[in-house]
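Going by the UniProt record's numbering, the first residue of the sequence shown is number 1, and it counts up by one from there.
Backbone N, C-alpha and C fix where the C-beta goes; we use that ideal spot for every residue, glycine too.
The structure displayed is predicted, hence computed values, not measured ones.
What follows is a short report on a single structure.
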Amino acid sequence: MYFLSYIAVRPENLPEALRWYPGAGLYRNVHLIITDEIHIPACGTYITSPVVSAGFAKVLLKTKVEGIKAETSSLRLATEIKDAAGKTVSAFSSVLLATDDGQFEQQLIVNTPALRSPETPNL
Numbered sequence: 001m002y003f004l005s006y007i008a009v010r011p012e013n014l015p016e017a018l019r020w021y022p023g024a025g026l027y028r029n030v031h032l033i034i035t036d037e038i039h040i041p042a043c044g045t046y047i048t049s050p051v052v053s054a055g056f057a058k059v060l061l062k063t064k065v066e067g068i069k070a071e072t073s074s075l076r077l078a079t080e081i082k083d084a085a086g087k088t089v090s091a092f093s094s095v096l097l098a099t100d101d102g103q104f105e106q107q108l109i110v111n112t113p114a115l116r117s118p119e120t121p122n123l
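Laid out in structure tokens, this is it:
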């Protein structure tokens with residue numbers, strides 16, 4: 001079921017205003033972010049690689065999930081790391097219960113990672 005929603009913007013350039021801007025006050029970019037009720041917020045992921053060698057790399061991923069309610073039994077977060085060619089080099093899936101604090105913590109291992117250097121600027 002869909003509902004019709006409106007967003008209204010009414011700029012006012014009041015006569016007594018001390019400053020005047022072209023556009024009656026609209027002088028910065030405005031972004032509307034629409035999410036599902038359960039979502040990962042902007043800046044909701046934190047990725048580190050505390051151990052890196054030619055043989056393997058350990059990747060730690062922390063993900064915050066917002067909008068979890070008591071009636072949500074559990075959530076599953078599936079993570080894949082892909083190489084430059086699009087091939088999956090590591091994958092992990094974990095479950096978050098509604099009683100948890102909305103934080104997923106995952107540890108992935110990448111075997112023989114493509115290490116970054118000036119000669120091979122892999123990202």
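Ile38 has its alpha-carbon roughly 28 Å from the corresponding atom of Lys58. Arg116: not part of any beta strand (DSSP E); DSSP gives it neither H nor E. The C-beta of Val65 has 16 or more other C-beta atoms within 10 Å across all chains shown, which makes the residue buried. At the C-beta level, Leu60 and Thr48 come within 8 Å of one another. By the Cβ criterion, the region 71-83 is in contact with the region 105-116, since at least three pairs of Cβ atoms, one from each stretch, lie closer than 8 Å.
In this structure Phe104 is buried. Its beta-carbon is surrounded by 16 or more other beta-carbon atoms within 10 angstroms. Proximity to Val89 across Thr63, Pro50, Phe56 peaks at Phe56, based on C-alpha coordinates. For Thr72, DSSP assigns no beta-bridge partner whatsoever.
Per DSSP, reduced to three states, the secondary structure at Leu4 is coil, with no helix or strand assignment. Cα atoms of Val52 and Val110: separation of roughly 9 Å, rounded to the nearest angstrom. Under the three-state reduction of DSSP output, Ala91 falls in the strand class. Relative to the Cα of Val30, the nearest Cα in the group Ala8, Cys43, Ile40, Pro50 belongs to Ala8.
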